[in-house]
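Contents: one structure, followed by commentary.
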Amino acid sequence: PSAPPPPAPPGGWGGASGPPGGRAGLPTALCPRPEGSAAPRSIGEMPPPPASAAAPLVVLNPTASRIVEGGRRGRLLAELDRALRARTGRAPDVLAAASLDDARRAFGDAAGVGRPLVVAVGGDGTVREAATCLAGTTVPLAIVPAGTANLFAATIGVPRDPVRAAVTIATGRIVACDLGRVRWGTGDPSSAADGASPTGQVFAVACGVGFDARLMAATPPRLKRGLGRYGYFAMAAGLLPRVGGFDCSI
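Residue numbers (the numbering used here): 1 to 250.
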């Protein structure tokens with residue numbers, strides 16, 4: 001089977017956008033099957049999700065640096081179609097999210113409509129949004145690393161190549177993963193819903209403060225598409241003259 005690549009909308013959205021809604025908890029993710037001693041470890045195997053009549057869902061960030069070219073995106077979607085049919089018996093619904101709100105809405109609705117599996121195609125920011133919405137549900141999350149760094153996917157052993165990552169979905173094992181939550185400001189942190197406060201955020205990889213956070217937020221998608229991870233170095237060179245110290249309590 002083949003699938004035409006969805007058109008890339010103007011503009012884009014990525015990992016440096018505003019705080020998500022949802023709650024922190026334990027999302028489940030698909031990892032490759034163990035192959036020897038180098039297999040990724042997990043904090044606990046999860047049982048398969050209940051049988052569902054709903055189709056699996058693929059949500060992709062069409063501006064992610066490694067799938068912005070239409071032909072590459074089309075080949076990836078064809079492989080995802082094969083893998084998801086093999087695993088669930090259903091062809092997937094595919095959403096090329098035109099905005100961060102579109103992606104959040106799709107991820108947030110997945111459990112309610114009984115999706116057997118959700119695939120996030122993008123970088124660490126896309127994975128964070130998916131994990132935030134799926135935490136505390138029984139819907140597994142499969143990751144296709146199509147962004148710049150893809151740190152979380154690498155940590156759990158997902159192949160860096162997007163097509164190879166798609167292939168693993170057919171037979172991957174389901175594992176539980178930790179999430180973190182950060183809040184900042186002067187209010188009472190216990191009064192805000194998990195991850196929903198404008199002064200709080202859920203994260204799946206790491207949380208940085210100061211220069212690290214400024215660099216992640218300031219690096220534009222066009223620079224990451226053109227230079228890959230070296231785009232961060234280029235932006236860092238421009239920001240270094242403006243680096244200053246600050247005081248904080250943690």
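The beta-carbon is built from N, C-alpha and C at its ideal position, and this holds for glycine as well.
- Beta bridge pairing from DSSP links I143 with A120.
- Taking C-alpha positions only, I169 is separated from R105 by approximately 23 Å.
- Nearest to G210 by alpha-carbon distance, out of R225, P145, A236, is A236.
- Scanning its chain for C-beta atoms nearer than 7 Å, with the 5 sequence neighbours on each side dropped, one finds around R75 the residues V163, in chain order.
- Under the DSSP definition of a beta bridge, D93 partners with L57.
- With 16 or more other Cβ atoms from the protein chains shown falling within 10 Å of its own Cβ, T63 counts as buried.
- For G180, the three-state secondary structure derived from DSSP is strand.
- Considering only F233, R181, T219, G172, the residue with the shortest C-alpha distance to A142 is G172.
- Counting only the Cα atoms, R72 lies some 18 Å from L227.
- Annotation for R72: the continuous alpha helix (DSSP H) segment containing it runs 70-88.
- Collapsing the DSSP output to three states places V243 in coil.
- For F203, the pairing in a beta bridge is given by DSSP as G180.
- Looking only at F203, Q201, L223, P116, the smallest Cα-Cα distance to I174 is reached by P116.
- When secondary structure is reduced to three states using DSSP, R229 falls in the coil class, being assigned neither helix nor strand.
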